[in-house]
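Presented below is the structure to which this report refers.
In our numbering, the protein residues as written are 14 to 274.
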């Protein structure tokens, strides 16, 4: 049964030496599609390049909220041009990060609104980063109006209440490798409270390697371990988690339909 790795960073230097092997390993593990995420203008360019180089890789374009201060009109113009490529499936990773505050909050919020409107113009979903700012992200989405294609909250860590609010707005919720950590019981309870039908899976590779690989470089093949943990949480067969999360990802990102594998 195939799964979709909905959030990884294949353009990051951690994969420079062995990307071909990493992609092969993912395919052998049962990962059919991978979405590599743009985090800056340069990263978005590289993501699009990788998507065209590898058939089962797709890209997003955007600027991480840490670098919101660097976004200007020229940045948005080029990202919009990149976003029109057929292998670009979303705008992201964008949102708010009030944990580190590497860009001023007001600038983060203004730039996030710009990216919501970019997603609307491109008719593509959002890949959202929220850290210590989920309520603020939801508020802005309500004020601006979510794109028709909605999107996904990546690496969910907020409350079930906020997740249900996100779902009501039409968004999916994605969990990463940290849901497998021994000290993540609270996160697992949150997943159970949200419901499998709203979920997608990711690794955030090269970060957040799941158990038993914690502390090492993460890679897309490990998304299978995230799906297995969700199967354990929901007490359902692995194939059911793979089927539901793959269906959600294929529909959201408009990926080619897949046969059960």
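C-beta atoms are modelled at their ideal positions from N, C-alpha and C, and glycine is treated no differently.
Could you pull the DSSP bridge partners for residue i from this structure?
i, result
"residue 147", "In DSSP, residue 147 forms no bridge with anything."
"residue 216", "Beta-bridge pairing links residue 216 to no other residue."
"residue 52", "According to DSSP, residue 52 bridges with nothing at all."
"residue 139", "104, 164"
"residue 17", "46"
For residue i, count neighbouring Cβ atoms within 10 angstroms of its own Cβ and tell me buried if that reaches 16, exposed if not.
i, result
"residue 99", "exposed"
"residue 110", "buried"
"residue 279", "Outside the displayed span of the chain (14 to 274) sits residue 279, for which this structure offers no information."
"residue 115", "exposed"
"residue 33", "exposed"
"residue 137", "buried"
Could you please give the first and the last residue of the uninterrupted beta strand (DSSP E) stretch that includes residue i?
i, result
"residue 271", "First-last for residue 271: undefined, no H or E at that position."
"residue 205", "Run containing residue 205: none in the beta strand (DSSP E); it sits in the alpha helix (DSSP H), 198 to 207."
"residue 71", "70 to 74"
Determine the closest residue to residue i out of the options, with distance taken between C-alpha atoms.
i, options, result
"residue 202", "245, 235, 238", "245"
"residue 184", "175, 77, 80", "175"
"residue 168", "87, 36, 216", "216"
"residue 132", "225, 238, 94", "94"
"residue 166", "265, 121, 118", "265"
"residue 81", "64, 40, 65, 121", "121"
"residue 97", "87, 118, 72, 247", "72"
"residue 142", "157, 25, 105, 67", "105"
Since residue i is in the alpha helix (DSSP H), which residue starts that stretch and which ends it?
i, result
"residue 90", "86 to 96"
"residue 252", "251 to 266"
"residue 125", "118 to 135"
"residue 247", "236 to 247"
"residue 114", "That residue, residue 114, is in no alpha helix (DSSP H); it is neither H nor E in DSSP."
"residue 224", "Note, residue 224: premise wrong, no alpha helix (DSSP H); not H, not E."
State the DSSP-derived secondary structure class of residue i, mapped to helix, strand or coil.
i, result
"residue 190", "helix"
"residue 23", "coil"
"residue 154", "helix"
"residue 106", "strand"
"residue 32", "helix"
"residue 45", "strand"
"residue 185", "strand"
"residue 99", "coil"
"residue 232", "coil"
"residue 67", "coil"
"residue 77", "coil"
"residue 195", "coil"
Establish whether the CB of residue i and some CB of chain B are separated by less than 8 Å.
i, result
"residue 171", "You won't find chain B in this structure, because it holds only one protein chain."
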